[in-house]
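Novice: Numbering (full-length UniProt numbering), first residue to last: 1 to 452. Heads up, the beta-carbon is just placed ideally off N, CA and C, and yes, glycines get one too. Keep in mind that this is a model prediction, so the values were computed, not measured. Shown below is the structure under consideration.
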Amino acid sequence: PIDERIVLFQLNHVRFGSIQEEFEPRELLPFERFQLVKLDEEHKDMLFMPIRFVYRHGMISDIEFSEEDKPWSVNIKKAILNMLQINIMKRDETTRNEREEEFENKNFFVNVERTLEGECEVEYTINDMKTEFVQWTKSINFQKCNVRPEVQYGIRPREFKKLHDEKLFSTVFKYKVVGNRDEFLIHDVELESQYKLMPLSKKHELITSFVFNKMTLVYAGKIETQIPSVRRDRKETLIYNFDWEIAEEMFAMTGDEKYLYRIPEWKNKVEHIGKLLTLITRHVEEKVELETTHMFARLVKLLRLCREQELIKIQRFFETREVNHKVLSLYYDALAMAGTKVTVTELVKKITDERIDTLKAARLLKSLAEIRVPSEMIADEILRVCESGVVERVPYLKQSCWLTYGAIFNGLCNNEKLAVYHVENMCKREVKEKVVRKLIDMFRRTETRYEK
1 PIDERIVLFQ
11 LNHVRFGSIQ
21 EEFEPRELLP
31 FERFQLVKLD
41 EEHKDMLFMP
51 IRFVYRHGMI
61 SDIEFSEEDK
71 PWSVNIKKAI
81 LNMLQINIMK
91 RDETTRNERE
101 EEFENKNFFV
111 NVERTLEGEC
121 EVEYTINDMK
131 TEFVQWTKSI
141 NFQKCNVRPE
151 VQYGIRPREF
161 KKLHDEKLFS
171 TVFKYKVVGN
181 RDEFLIHDVE
191 LESQYKLMPL
201 SKKHELITSF
211 VFNKMTLVYA
221 GKIETQIPSV
231 RRDRKETLIY
241 NFDWEIAEEM
251 FAMTGDEKYL
261 YRIPEWKNKV
271 EHIGKLLTLI
281 TRHVEEKVEL
291 ETTHMFARLV
301 KLLRLCREQE
311 LIKIQRFFET
321 REVNHKVLSL
331 YYDALAMAGT
341 KVTVTELVKK
351 ITDERIDTLK
361 AARLLKSLAE
371 IRVPSEMIAD
381 EILRVCESGV
391 VERVPYLKQS
401 CWLTYGAIFN
411 GLCNNEKLAV
421 YHVENMCKRE
431 VKEKVVRKLI
441 DMFRRTETRY
451 EK
């Protein structure tokens with residue numbers, strides 16, 4: 001601490017691990033179970049950059065950090081600070097109203113708080129333990145949020161409103177605290193979160209994701225190491241910074257490479273994709289289905305960050321070796337599932353050049369109806385293939401293409417938002433009018449009842 005309010009914070013030892021085996025997701029595993037992931041020096045340096053924040057009565061605000069510190073690194077530090085936030089004075093952070101008298105001698109209170117997961121109502125329960133500690137339990141009520149750091153993707157399922165009434169997300173903190181309101185110490189804190197993720201399609205099941213964190217006090221006393229000062233270029237709240245995700249989405253929507261510079265660069269993407277395709281080829285031949293599914297997911301993830309020139313290099317991979325037809329088909333599926341302006345343009349080129357048979361093309365176009373991040377530029381690419389001679393000659397391909405074109409605009413112009421932190425109108429009036437004119441003109445030009 002610099003004084004009674006301001007604190008400097010710096011990480012000095014960081015390890016990352018990954019695990020491939022099945023395990024109980026509701027339990028915290030020892031780090032020895034994980035495979036150590038090697039960090040680049042530049043990533044380490046970024047994680048070791050200090051931050052400065054205000055810590056008053058257990059509440060965190062005014063987090064300051066240098067311009068070089070990227071959102072992903074800042075979010076890791078915010079996640080740690082998030083574990084230390086406890087409303088010891090029972091104050092409403094957003095209205096600044098003190099309600100101490102109202103809750104005096106009570107072990108339960110409700111306030112609105114800014115946490116990593118947004119500005120939401122939180123419920124506190126306080127229980128005395130048999131030891132010197134007091135247990136504070138904090139639960140976030142996600143159904144009462146003013147702001148959530150999230151972005152909605154495309155089309156929502158019909159059951160969305162029904163599901164929204166259920167408890168899709170839950171986060172609970174458990175603190176062991178010693179002391180009083182004027183002077184307290186958090187001995188340890190545990191966090192358990194559960195998220196139910198909704199698929200876009202009815203045919204898929206809900207996915208449940210678990211998060212388990214634990215922080216334990218090791219030392220409290222005289223400062224032993226000097227933390228360098230922070231340049232204080234930027235200031236934020238505790239709410240998750242999702243500039244990285246926004247940049248990723250804008251690249252997906254536009255294909256503009258300037259957005260990639262705001263995302264941590266995945267080095268040697270083309271080489272990684274080449275290795276994945278080689279392994280997928282081997283697994284397809286050996287009929288190893290589970291591994292193929294995992295590798296397909298990794299392939300999609302990499303393709304979402306690919307530039308146009310990188311897709312050209314990947315195409316050379318297929319041209320320079322004999323590739324299983326099924327693997328090529330999986331690659332086209334991955335391009336469609338990636339759903340970026342760059343991958344859609346590549347698919348459109350393959351369809352118009354008749355490199356993909358019409359039945360497969362119809363299926364690929366249909367899958368684009370559930371695109372994650374729809375945009376006018378992606379819709380224009382679909383329009384280009386819809387108006388091509390290849391599509392005009394095949395009725396079922398034409399039908400699939402125009403239905404997808406309409407579905408993309410439906411996703412783009414879906415105005416329903418729920419406490420999202422970032423709202424940008426991508427469906428302007430002139431865009432709607434252009435689409436309506438196009439469809440009315442087509443309707444008038446068609447002659448048969450089937451086409452109408």
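Output yes or no for whether 7 Å exceeds the beta carbon distance between L383 and A336.
Specialist: Position 383 of the sequence shown, counted from the start, is the residue given in the question as residue 383. Position 336 of the sequence shown, counted from the start, is the residue given in the question as residue 336. No, the pair does not count as a contact, with Cβ atoms beyond the cut-off.
Novice: For a test of the three-state rule: what should DSSP assign to I52, helix, strand or coil?
Specialist: The residue labelled residue 52 in the question sits at position 52 within the sequence shown. The sequence shown places Arg at residue 52, rather than the Ile named in the question. Strand at R52.
Novice: Could you spell out where the alpha helix (DSSP H) holding G58 opens and where it closes?
Specialist: Translated into positions along the sequence shown, residue 58 becomes position 58. Looking at the DSSP string, G58 is not in any alpha helix (DSSP H), and its letter there is neither H nor E.
Novice: Spatial neighbours of E381 within its chain, please: CB distance less than 8 Å, with the 5 preceding and 5 following residues excluded, ordered by chain position.
Specialist: To locate residue 381, count along the sequence shown from 1; it is residue 381. K341, V344, T345, V348.
Novice: Consult DSSP for M337 and reduce its assignment to one of helix, strand or coil.
Specialist: Along the sequence shown, read from residue 1 onward, the residue named residue 337 stands at position 337. Helix.
Novice: Which complete alpha helix (DSSP H) runs does the stretch 244-318 hold, if anything under 4 residues is left out?
Specialist: Qualifying alpha helix (DSSP H) stretches, in chain order: 269-286, 289-303.
Novice: What is the DSSP secondary structure of R5, counted as helix, strand or coil?
Specialist: For the purposes of this step, residue 5 is taken as residue 5 along the sequence shown, with counting starting at 1. If DSSP states are grouped into helix, strand and coil, R5 belongs with coil.
Novice: In this structure, how does DSSP classify H13 when only helix, strand and coil are distinguished?
Specialist: Along the sequence shown, read from residue 1 onward, the residue named residue 13 stands at position 13. H13 falls in the coil class under three-state DSSP.
Novice: When we look at the beta-carbon of M46 and count the other beta-carbons within 10 Å, is it buried (16 or more) or exposed?
Specialist: Your numbering for residue 46 matches position 46 in the sequence shown. M46 should be labelled buried.
Novice: Kindly indicate which residue of G339, R15, N111 has the alpha-carbon position closest to the one of K38.
Specialist: Here residue 38 refers to the residue found at position 38 when the sequence shown is read from its first residue. It is R15 whose Cα lies nearest to the Cα of K38.
Novice: Starting from I378 and walking both ways along the alpha helix (DSSP H), at which residues does that stretch end?
Specialist: Here the question's residue 378 lines up with position 378 in the sequence shown. Its alpha helix (DSSP H) spans residues 376-386.
Novice: Ordered along the chain, which non-local residues of its own chain (more than five positions away) have a Cβ less than 7 Å from that of W402?
Specialist: Taking the first residue of the sequence shown as position 1, residue 402 is located at position 402. Here the set comprises C386.
Novice: Beta strand (DSSP E) containing Q35: first to last residue?
Specialist: Stepping through the sequence shown from its first residue, residue 35 is reached at position 35. 35-37 is the extent of the beta strand (DSSP E) around Q35.
Novice: Quick one: what does DSSP say M129 is sitting in, helix, strand or coil?
Specialist: The residue given as residue 129 occupies position 129 in the sequence shown. Coil at M129, not helix or strand.
Novice: Please state whether DSSP places Y124 in a helix, a strand or coil.
Specialist: As a first step, residue 124 is located in the sequence shown; it is residue number 124 there, counting from the start. Looking at Y124 - three-state DSSP - the assignment turns out to be strand.
Novice: So, is A220 buried or exposed, given that buried needs 16 or more other C-beta atoms within 10 angstroms?
Specialist: Position 220 of the sequence shown, counted from the start, is the residue given in the question as residue 220. Exposed, since its Cβ has fewer than 16 Cβ neighbours within 10 Å.
Novice: Please go through the same chain and pick out, in chain order, the residues whose beta-carbon is closer than 8 Å to the beta-carbon of E319, but skip the five residues on each side of it.
Specialist: Walking along the sequence shown from the start, residue 319 turns up at place 319. Here the set comprises nothing.
Novice: Opposite D188 in the DSSP bridges: which residues?
Specialist: Taking the sequence shown and counting its residues from 1, the one referred to as residue 188 is at position 188. According to DSSP, which records beta bridges pairwise, D188 is partnered with K176, T216.
Novice: So what's residue 454 in DSSP terms, helix, strand or just coil?
Specialist: Residue numbering for the chain in the displayed model covers 1 to 452; residue 454 lies beyond these limits and cannot be assessed.
Novice: Grab me the residues of N127's own chain with a C-beta within less than 6 Å of its C-beta, minus the 5 sequence neighbours each way, in chain order.
Specialist: The residue you call residue 127 lines up with position 127 of the sequence shown. Result list for N127: Q135, in chain order.
Novice: Return the Cβ separation of V270 and K313 in integer angstroms, given the expectation that the two are a contact with Cβ distance under 8 Å.
Specialist: In the sequence shown, residue 270 corresponds to position 270, counting from 1. In the sequence shown, residue 313 corresponds to position 313, counting from 1. Yes, V270 and K313 are in contact; Cβ-Cβ is about 5 Å, under 8 Å.
Novice: In the DSSP assignment, the beta strand (DSSP E) including E113 goes from what residue to what residue?
Specialist: Counted from its first residue, the sequence shown places residue 113 at position 113. It spans 108-115 - the beta strand (DSSP E) in which E113 sits, taken as one unbroken run.
Novice: What number of angstroms, rounded off, separates the C-alpha of I155 from the C-alpha of E236?
Specialist: To locate residue 155, count along the sequence shown from 1; it is residue 155. To locate residue 236, count along the sequence shown from 1; it is residue 236. Its pLDDT being 45, under 50, I155 is placed unreliably by the model, and the measurement read from it follows with that caveat. Cα to Cα, the separation comes out at about 31 Å.
Novice: Quick check on the burial criterion: 16 or more other C-beta atoms within 10 angstroms. Buried or exposed for M253?
Specialist: Indexing the sequence shown from 1 puts residue 253 at position 253. M253 should be labelled buried.
Novice: What are the start and end residues of the alpha helix (DSSP H) that includes E433?
Specialist: Against the sequence shown, residue 433 aligns to sequence position 433. 429-445 is the span of the alpha helix (DSSP H), which, as asked, contains E433.
Novice: Compare the Cα-Cα distances from C413 to each of N180, M250, P374 and report the closest residue.
Specialist: One-based indexing of the sequence shown puts residue 413 at position 413. For C413, the nearest C-alpha among the options comes from P374.
Novice: With DSSP run on the structure shown, which of helix, strand or coil describes N410?
Specialist: For the purposes of this step, residue 410 is identified with residue 410 of the sequence shown, where counting begins at 1. Three-state result, N410: helix.
Novice: Would you call the stretch 255-269 in contact with the stretch 75-84, where contact means no fewer than 3 C-beta pairs closer than 8 Å?
Specialist: Touching, no, given that fewer than three Cβ pairs across the two stretches are closer than 8 Å.
Novice: Bridge partners of N141, per DSSP?
Specialist: One-based indexing of the sequence shown puts residue 141 at position 141. Bridge partners of N141: E121.
Novice: Taking K90 and F109 to be in contact with their CB atoms under 8 Å, please state how far apart those CB atoms are, rounded to whole angstroms.
Specialist: In the sequence shown, counting from the first residue as 1, residue 90 sits at position 90. In the sequence shown, counting from the first residue as 1, residue 109 sits at position 109. The pair is a contact, with the Cβ atoms about 5 Å apart (cut-off 8 Å).
Novice: Contact defined as beta carbons within less than 8 Å: I believe L197 pairs with T171. What is the distance between those atoms, to the nearest angstrom?
Specialist: For this step, residue 197 is matched to residue 197 along the sequence shown. For this step, residue 171 is matched to residue 171 along the sequence shown. Incorrect: roughly 15 Å between the Cβ atoms, too far for contact.
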